[in-house]
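One structure is given here, and the rest of the page talks about it.
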Amino acid sequence: MIRTLVGAGLLLTLTGCLDGPGPDAGGDGLAEPDYTGGPTAAGLYKGLTNNGEDVVGAVLENGDYFFLYSADAGDTFTGGIEGAFIGRLSATNSDLESSDDIDFNLDGAVLSYDLGGAYTSGQALMGEVNYDTEDADFVRFTTDYDDQFDQSVSLSDVAGEYTGDTISRAREEAAAVIVEADGTLSGIDALGCTLSGTIAARPNSNLFDIAFTYEPASTNDCPDAHAGQGFEGWGYVDDQEQALVMVAQRPDDREVATFFIGQP
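See the structure below:
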């Protein structure tokens, strides 16, 4: 299922149970370049899956990572997102690996998987998502390093209001998210579900740490999985697309996640 951007941005909220294959799992593999490793796999990456889907994401210095995927090439910032891979990997020499990470798919499925792959520092990264399914479904993606990652960004650079849509399994509503230069983060949807929190620049990259809490259900109309709950994650500004990208999970429930892509 493709979720289409409404207005200038998109806020996606997913909850679910472990069920079914992920983003068009299976298919032919991609040709692999040679990977030579290096001191770190950290970076911002853009590429494609073996099924032609867009992949955009980042690996942090501690191994935390997220990769958003869209239904078709070129759709991540302009048309639709199908979900995201989120987890923590380890990088040794040229090899990547992780286990029991989460694929949030907009069809309603929340899937566990193991990740294998390879990288060359500052150049490229390949990942293979292997699902714990009877058919041994997999998705492979190859990406190139985006040197926007090397450009440190201040909060004043991203301060402003971003409008879009908030989407959960239960509903879809118009929404606005505001980033303040002092690190304050806030948002509200058309039904009055509000969030408040913080955004902080990470050193030596264009990434931000974000943390926010939805107000209790007694004070507004938030979905049950969000009301009164805290979320933590990351964000960055894509200069090429003029877009703010944000990804967050509930620390106490990895099966609940929120994504945001929007223009000022």
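Counting from 7, one number per residue, gives the positions in the sequence shown under my numbering.
Think of the CB as a built atom: it goes at the ideal place given N, C-alpha and C, for glycine as much as any other residue.
Pick from the options that is closest to residue i, judged by C-alpha positions
i, options, result
"D101", "G43, T190, F214", "G43"
"T204", "A48, F91, T46, M252", "M252"
"D107", "D138, A97, A249", "D138"
"A217", "G170, G198, N57, G241", "G241"
"A165", "G53, V243, Y41", "V243"
"S162", "L191, N57, S224, F155", "L191"
"Q154", "I184, V135, Q248", "Q248"
"P270", "R208, V185, A231, Q157", "V185"
"E67", "P209, F144, Q246, Y151", "P209"
"D40", "S158, M132, S224", "M132"
Chain-order list of residues whose beta-carbon lies under 6 Å from that of residue i (same chain, five-residue window excluded)
i, result
"D259", "none"
"R256", "Q235, F237, V262"
"L201", "G193, F218, Y220"
"E179", "T172, D195, A196, L197"
"A187", "L161, S162, A165"
7 Å CB neighbourhood of residue i in its chain, flanking five on each side removed
i, result
"G198", "N226, D227"
"L54", "D60, V61, A79, F147, T148"
"G93", "Y71, S104, D107, I108, L121"
"A176", "At A176, the pLDDT of 49 sits below 50, so the modelled position is not reliable; the number obtained from the coordinates is stated separately. These residues qualify, in order along the chain: P229."
"P222", "A233, G234"
"G35", "No answer about G35 holds up, because its pLDDT of 47 lies below 50 and its placement is not dependable."
"G123", "L102, L131, M132, G133, E134"
7 Å Cβ cutoff met for residue i and residue j
i, j, result
"A90", "L112", "no"
"S96", "L121", "no"
"A47", "Y125", "yes"
"L206", "D195", "It is Ala, not Leu, that sits at residue 206 in the sequence shown. No, they are not a contact pair."
"G63", "S76", "no"
"P45", "S127", "yes"
"D152", "K52", "yes"
Status (buried if at least 16 other CB within 10 Å, exposed otherwise) for residue i
i, result
"T98", "exposed"
"S211", "buried"
"G239", "buried"
"N56", "buried"
"P229", "buried"
"G49", "buried"
"A130", "buried"
"A182", "buried"
"G58", "exposed"
"D245", "exposed"
"F266", "buried"
C-beta neighbour in chain D for residue i, strict 7 Å
i, result
"V183", "The structure shown has no chain D; it contains just one protein chain."
Residues of its chain near residue i, where Cβ-Cβ distance is below 8 Å and the 5 sequence neighbours each way are ignored
i, result
"D150", "Y51, K52, G53, Q129, A130"
"G189", "L161, T204, I205, A206"
"I158", "Just to set this straight, residue 158 is Ser in the shown sequence, not Ile. Hits under 8 Å: A207, P209, N210, S211, N212."
Query raised in the report: Along the chain, which unbroken stretches of the alpha helix (DSSP H) at least 4 residues long are found entirely within the segment 111 to 180?
Result: 161 to 164
Query raised in the report: Quick one: complete beta strand (DSSP E) runs, 3+ long, within the segment 179 to 224?
Result: 190 to 195, 200 to 207, 213 to 220
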